[in-house]
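Participant:
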Amino acid sequence: MKTNYYKQALNKAFSYLSYKSRTEKEVISYLSKNDFDDTVISEVIIKLRDLNYVNDNTYAIDYVNNSIEKQTKGINLIRKELLEKGINEKIVSEHLALYSSNLEIRTIENVTKKFFSSKKSLPLNQIKAKLYSRLLQRGFTIDTINYALKFLDEDREIQSILLQQEEFYNQQAKLIATKFFEKYSKNEKNEYKVKQKLYGKLISKGFDYSLCNVIVEEILNNNK
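At position 125 of the sequence shown the residue is numbered 125 (full-length UniProt numbering), and the sequence of numbers has no breaks.
(1) Any heavy atom of the ligand MN closer than 6 Å to the Cβ of L152?
(2) Counting pairs of beta carbons, one from the region 116 to 127 and one from the region 164 to 172, are three or more of them closer than 8 Å?
(3) Does DSSP put N52 in a helix, a strand or coil?
(4) Hey, how far is the Cα of L198 from the Cα of E89?
(5) Any idea if T23 is buried or exposed, counting beta-carbon neighbours within 10 angstroms, 16 or more meaning buried?
(6) Measure the C-alpha to C-alpha separation of I176 and L202 and round it to an integer number of angstroms.
(7) Quick one, which of F115, G139, Q165 has its alpha-carbon nearest F151's?
(8) Which residue wins for smallest C-alpha separation from F207, given the options E182, K189, F168?
(9) I need the straight-line Cα distance from E191 to E166, nearest angstrom please.
(10) Keeping to the same chain, check which residues put their C-beta closer than 8 Å to that of V92; ignore five residues upstream and five downstream.
(11) Quick one: using the 10 Å Cβ neighbour count with 16 as the cut-off for buried, is residue 260 buried or exposed?
(12) Between which residues of its own chain and I28 is the CB-CB distance below 7 Å, once the five residues before and five after are set aside?
(13) Please identify the residue among N76, G74, L96 whose C-alpha is closest to the C-alpha of D62.
(14) Go ahead and label G200 buried or exposed: buried means 16 or more other beta carbons lie within 10 angstroms of its beta carbon, across all protein chains shown.
(15) Considering only the alpha carbon of each residue, which of T107, L10, N110 lies closest to D50?
Listed below in structure tokens is the structure:
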């Protein structure tokens, strides 16, 4: 009876592993959810190790290399995901060395370019704020994120696109300023307070400081 129970658990594990590689923790959790007891699960894990069907060391190497190839994750997220999968801290730290600083820079440049391309209709400062949050979520370090923000300011291709869209940003800022001037001036007669509110609104939308000043002055002068 015990032998049959063990075979059932082993076959269950084989089936689970046939779809993709798993960590020991994932296999243990899967078998536990299928109501196999700890003793049988331990025996199955020993057998799987002997067959090299589970190998957390190899899993970590493959996971890091795959993440590097996909260029979507920072080192902190990769670490978090491996630890959650039950990989030993020592193994994780050892193989994260594969993700060199040069590779992370290359990855974050790729992520930044793609993100900018999808958000280029927004003002640059708004793009930066959203990019910062996205990169933090994707597990990049603060130093690398700061590099990405600087990269936005210095990359020739990105700066060329921003220059081409300068008039578009101006028109967007004018539309917003005009809309909120009408709203603010209904209840506020103090021009200085209206000016400050308009300026604050444009800044919150991510427009450049100098553009905000120009647009606000233009709106106020046109409505005197």
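A virtual CB, placed ideally from N, CA and C, is assigned to each residue, including glycine.
Facilitator: Put simply:
(1) Ligands displayed in this structure: none; no statement on the ligand MN is therefore possible.
(2) yes
(3) The sequence position of residue 52 within the sequence shown is 52, counting from 1. N52: coil per DSSP, three-state reduction.
(4) Reading the sequence shown from its first residue, position 198 is the one you call residue 198. Reading the sequence shown from its first residue, position 89 is the one you call residue 89. Taking the straight line from one Cα to the other gives about 51 Å.
(5) What you label residue 23 is simply residue 23 of the sequence shown in a count that begins at 1. Buried, since its Cβ has 16 or more Cβ neighbours within 10 Å.
(6) Sequence index remark: in the sequence shown, residue 176 carries index 176 (1-based). Sequence index remark: in the sequence shown, residue 202 carries index 202 (1-based). Cα to Cα, I176 sits roughly 7 Å from L202.
(7) In the sequence shown, the residue the question calls residue 151 occupies position 151. The shortest C-alpha separation from F151 is found at F115.
(8) Taking the first residue of the sequence shown as 1, we reach residue 207 at position 207. Measuring from the Cα of F207, the nearest candidate turns out to be F168.
(9) Position 191 of the sequence shown, counting from 1, holds the residue named residue 191. Position 166 of the sequence shown, counting from 1, holds the residue named residue 166. Straight-line Cα distance between these residues: approximately 28 Å.
(10) On the sequence shown, position 92 is the one that residue 92 refers to. So the list reads A60, R79, L82, L83, once near-sequence residues are dropped.
(11) Residue 260 lies beyond the stretch modelled for the chain, which goes from 1 to 224, so this question has no answer here.
(12) As a working note, residue 28 is residue 28 in the sequence shown. I41, I45, listed in sequence order.
(13) Residue numbering aside, residue 62 sits at position 62 when the sequence shown is read from its first letter. Here the closest residue by C-alpha is L96.
(14) One-based indexing of the sequence shown puts residue 200 at position 200. Under this definition G200 is an exposed residue.
(15) Your numbering for residue 50 matches position 50 in the sequence shown. Of T107, L10, N110, the residue nearest in Cα terms is L10.
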